[in-house]
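If you're matching them up, the sequences are chains U and V in order.
Under UniProt numbering, the very last position in the first sequence is 287; numbers go up by exactly one each time.
Under UniProt numbering, the very last position in the second sequence is 288; numbers go up by exactly one each time.
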Amino acid sequence: MQELLVISGKGGTGKTSIVAALAALAADKVLADCDVDAADLHLLLRPEVESVNEFYGSNKAVIDAGICTGCGRCLEVCRYEAIKELRVNPVFCEGCGACKLACPSGAITMEPNLAGYWYISDTPYGPLVHAQLGIAEDNSGKLVTLVRQEARRLAQENNASLIITDGPPGIGCPVISSLAGVTLALVVTEPTVAGRHDLERVLSLASHFKVPVAVCINKYDLAPEKTREIEAYCHDAAITIAGKIPFDADVARALVNAVPLTACSRGAAARAVRALWDSLQIHLERL
Amino acid sequence: MLVAVASGKGGTGKTTIAVNLALALAEKIPVQVLDCDVEEPNAHLFLQPVFQDEEPVTLPVPEVDNARCDGCGRCSEACAFHALAVAGGRVITFPEMCHGCGACISACPQGALAEKPHRIGVVARGRAGRIDFVQGKIDVGVPLAPPVIRAVKKQARGEGLTLLDAPPGTSCPVVAAVKDCNFCLLVTEPTPFGLNDLRLAVGMVRELGIPFAVVINRSTLGDLRVERYCRHEGIPVLLKIPFNKRYAATYAQGKCLVQEYPEWAPAFAGLWREIERLVAQHAGIAGN
Ligand code: SF4
Ligand code: SF4
Chain U
1 MQELLVISGK GGTGKTSIVA ALAALAADKV LADCDVDAAD LHLLLRPEVE SVNEFYGSNK
61 AVIDAGICTG CGRCLEVCRY EAIKELRVNP VFCEGCGACK LACPSGAITM EPNLAGYWYI
121 SDTPYGPLVH AQLGIAEDNS GKLVTLVRQE ARRLAQENNA SLIITDGPPG IGCPVISSLA
181 GVTLALVVTE PTVAGRHDLE RVLSLASHFK VPVAVCINKY DLAPEKTREI EAYCHDAAIT
241 IAGKIPFDAD VARALVNAVP LTACSRGAAA RAVRALWDSL QIHLERL
Chain V
1 MLVAVASGKG GTGKTTIAVN LALALAEKIP VQVLDCDVEE PNAHLFLQPV FQDEEPVTLP
61 VPEVDNARCD GCGRCSEACA FHALAVAGGR VITFPEMCHG CGACISACPQ GALAEKPHRI
121 GVVARGRAGR IDFVQGKIDV GVPLAPPVIR AVKKQARGEG LTLLDAPPGT SCPVVAAVKD
181 CNFCLLVTEP TPFGLNDLRL AVGMVRELGI PFAVVINRST LGDLRVERYC RHEGIPVLLK
241 IPFNKRYAAT YAQGKCLVQE YPEWAPAFAG LWREIERLVA QHAGIAGN
């Protein structure tokens, strides 16, 4: 079983639109949305939710006002400014338990915290595992790991040979969790100064974790000169450019109508995504 | 005044709004820009600051004195993040998992643990013309953004306008950035993605109790759902920037709208007046 992870260093490069467009092309696969902080793939794939599951993140401290003597030891030891006036603000509590340890009266307990939900859904393009982390909750890395585990289990159950994963933005904890052990990471970038900068950071992250990468340049014709720079950079670093997608109003249209691009357009961008998919398949076969 | 620019998601033009607002005001009031998007800081690409100095950001991570440790395992029991293990009577630490909370140290009955600083990123300071510039950056492979964000925020001066470019999303790094700000601008796009992410971002700022408003970027590439949502929720939309291939090219080159198209400067100055007004209004309500 192979896993293709689509990441971007930063949001807004068109990663999710590309994942949805690939989802409509690939046969025999399971889909996973690991952008648990701001999951968007479901907006394009119209999932029918089959199971809803609770996700518990780190514990949160709770002070029992009946036991608390007001000594203030907890306040002194908390390094996250989560305790104010002897009450815990769950938004800032990291669940370390230092306060519980410090409390001489045993007034503090660590309680499980419902941090979000994860779902298994059916879509016209195959099963989808997705999640939504509650607002201002942490532990997105743990939730990403859970979504990936479930996607693997589903793929095994359905004899699917491929998992396509919409990755989280950035290079922080959720991305690190989504990279471990994937077959290939497709990095979607844009021909801008910022795009180039983010590409370099995310490529160094992938190489840090020894994950094979390929690059796709989205809206490449908006700044041909920057596209050439990225191409030269990838060439020097011996990184395959698996595809280049032109700016095409059909992409925004597909998004507004909430359909994968390749399911509704025969335009230039849709054709480019088909070519991207062909080249990714060849790439995956070699890995 | 501390104003955060956030977006629920990257790529909506958050950094564009932050740098243009900074440039439009820098002639009139003291302006400071704090780039708190520590995973992928981008504001420097547009403002081109000259960096003057940098300082590592460290977390206090435990170090074991083997002469004192008797292998009791209390420290690893206390650690909620599995950053310590006791194997064969010896303590092994995993600094990359450590949150620097200090629980292990207070748990150790032998006083065998001491804290030593472990580098997780860097804060760089510089100037871009009249703008005072601070950037935070986590080291590649480090999963902990909030401590670096907190270190950047410590550099806030408080006079004039301090603009904080927040990370994308609505989870812990964003909360670390937006928390304690006087105002939050949410930048979005008029698409279903934009709306979905805006809803999450609105939930977050409401939870933090910070006054906020919306800026719609690429306002001509999509539909009216975002505006309808804002009207329905009573959220002010302070600025709309249409999609324009020339603006996109300006951005691609790392150039700024108010410099290339000075006709945009009054719009950003107006945005600032609105922010001031909304902050005053919020303070009035909170004071009552
Ligand atoms: S400081 Fe906190 S997170 Fe780090 S090892 Fe000790 S208990 Fe664990
Ligand atoms: S709590 Fe102290 S004595 Fe016990 S294993 Fe940890 S470091 Fe050693």
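C-beta atoms are modelled at their ideal positions from N, C-alpha and C, and glycine is treated no differently.
Every value quoted in this text rests on a predicted model; they were computed, and no experiment measured them.
Closer than 8 Å to chain U by CB, residue i
i, result
"V/Pro238", "In the sequence on display, residue 238 of chain V carries Leu and not Pro. Judged by the 8 Å Cβ criterion, V/Leu238 is not in contact with chain U."
"V/Thr58", "no"
"V/Ile131", "no"
"V/Pro62", "no"
"V/Asp197", "yes"
"V/Thr15", "yes"
"V/Cys248", "The question names Cys, but residue 248 of chain V is Ala in the sequence shown. V/Ala248 counts as touching chain U."
"V/Pro242", "no"
"V/Leu200", "yes"
Any C-beta of chain V under 8 Å from that of residue i
i, result
"U/Val49", "no"
"U/Val215", "no"
"U/His208", "yes"
"U/Ala223", "yes"
"U/Asp37", "yes"
"U/Gly106", "no"
"U/Leu114", "no"
"U/Pro169", "yes"
"U/Leu205", "yes"
"U/Gly267", "no"
"U/Leu133", "yes"
Bounding residues of the beta strand (DSSP E) (the contiguous stretch that carries residue i)
i, result
"U/Asn218", "213–218"
"V/Ala78", "Per DSSP, V/Ala78 belongs to no beta strand (DSSP E); it is in the alpha helix (DSSP H), 74–78."
"U/Gln281", "Careful: U/Gln281 lies outside any beta strand (DSSP E), inside the alpha helix (DSSP H) at 268–286."
"V/Gln32", "31–35"
"V/Cys185", "Looking at the sequence shown, residue 185 of chain V is not Cys but Leu. That run of the beta strand (DSSP E) goes 183–188."
"V/Asn217", "212–217"
"V/Asp165", "161–165"
"V/Gln259", "Counting along the chain, V/Gln259 falls outside any beta strand (DSSP E), though it belongs to the alpha helix (DSSP H) covering 257–260."
"V/Pro62", "50–64"
"U/Asp64", "Counting along the chain, U/Asp64 falls outside any beta strand (DSSP E), and DSSP gives it neither H nor E."
"V/Val91", "90–93"
"U/Met110", "108–111"
Interface residues of chain V facing residue i [CB-CB closer than 9 Å]
i, result
"U/Ala136", "Thr170, Ser171, Cys172, Val174, Val175, Gly203, Met204, Glu207, Leu208"
"U/Val193", "Asn42, Leu45, Phe46, Tyr251, Ala252, Gln253, Gly254, Lys255"
"residue 292 of chain U", "Here chain U comprises residues numbered 1 to 287, so residue 292 of chain U is not present and cannot be evaluated."
Contact set between residue i and chain U, taken where Cβ atoms lie within less than 8 Å
i, result
"V/Phe193", "Thr16, Asp40, Leu43, Leu255"
"V/Pro266", "Neighbours of V/Pro266 on chain U: none; closest Cβ ~26 Å, over 8 Å."
"V/Pro211", "Result: empty, since nearest Cβ-Cβ is about 17 Å, beyond 8 Å."
Continuous alpha helix (DSSP H) stretch holding residue i: start and end
i, result
"U/Glu137", "Unbroken run through U/Glu137: none, as it is neither H nor E."
"V/Phe46", "43–47"
"V/Val152", "146–153"
"V/Asp197", "192–208"
"U/Leu45", "41–45"
Residue nearest to residue i in terms of C-alpha spacing, selected from the options
i, options, result
"residue 300 of chain V", "U/Gly172, U/Arg152, U/Gln156, U/Ser161", "Look at the range of chain V in this structure, 1 to 288, and you will see that residue 300 of chain V is not part of it."
"U/Leu186", "U/Asp28, U/Leu276, U/Leu143, U/Glu48", "U/Leu276"
"V/Glu233", "V/Gly203, V/Gly102, V/Glu63, V/Ala269", "V/Gly203"
"U/Asp221", "U/Gly243, U/Tyr117, U/Pro174", "U/Gly243"
"U/Val259", "U/Val19, U/Gln2, U/Leu5", "U/Val19"
"U/Gly267", "U/Gln281, U/Val256, U/Asp250, U/His283", "U/Asp250"
"U/Tyr119", "U/Thr109, U/Leu143, U/Ser17", "U/Leu143"
"residue 291 of chain V", "V/Gly13, V/Asn20, V/Ala124, V/Phe81", "A query on residue 291 of chain V cannot be resolved here, the shown segment of chain V reaching from 1 to 288 and no further."
"U/Val147", "U/Thr123, U/Val52, U/Thr183", "U/Val52"
"V/Ala166", "V/Leu185, V/Lys154, V/Phe243", "V/Leu185"
Chain V contact residues for residue i, given Cβ-Cβ distances below 8 Å
i, result
"U/Arg201", "Glu39, Glu40, Val140"
Proximal residues of chain V, C-beta to C-beta of residue i below 7 Å
i, result
"U/Lys226", "Ala252"
"U/Ala98", "Cys101, Gly102, Ala103, Ser106"
Contact set between residue i and chain A, taken where Cβ atoms lie within less than 8 Å
i, result
"U/His197", "Considering every chain present, this structure includes no chain A. Its protein chains are U and V."
Proximal chain U residues relative to residue i, where beta-carbon distance stays under 7 Å
i, result
"V/Thr12", "Gly12"
"V/Leu2", "Here the premise fails: no neighbours, minimum Cβ distance about 16 Å."
"V/Pro143", "Gly141, Gly172, Cys173, Ile176"
The stretch 249–263 of chain U: positions lying closer than 7 Å to chain V by Cβ: Ala252, Leu255, Val256, Ala258
Please list, in chain order, the residues of the stretch 142–165 of chain U that have any C-beta partner in chain V closer than 8 Å. none
When you check each C-beta in the stretch 84–118 of chain V against every C-beta of chain U, which residues fall closer than 8 Å? His99, Gly100, Cys101, Gly102, Ala103, Ser106, Ala107
Got a sec: which bits of the stretch 213–229 of chain V sit with their beta carbon under 7 Å from any beta carbon on chain U, in order along the chain? Leu221, Gly222, Asp223
Return the residues of the stretch 57–84 of chain U that lie within a Cβ-Cβ distance of less than 9 Å from chain V, sorted by chain order. Ser58, Asn59, Val77, Cys78, Arg79, Tyr80, Glu81
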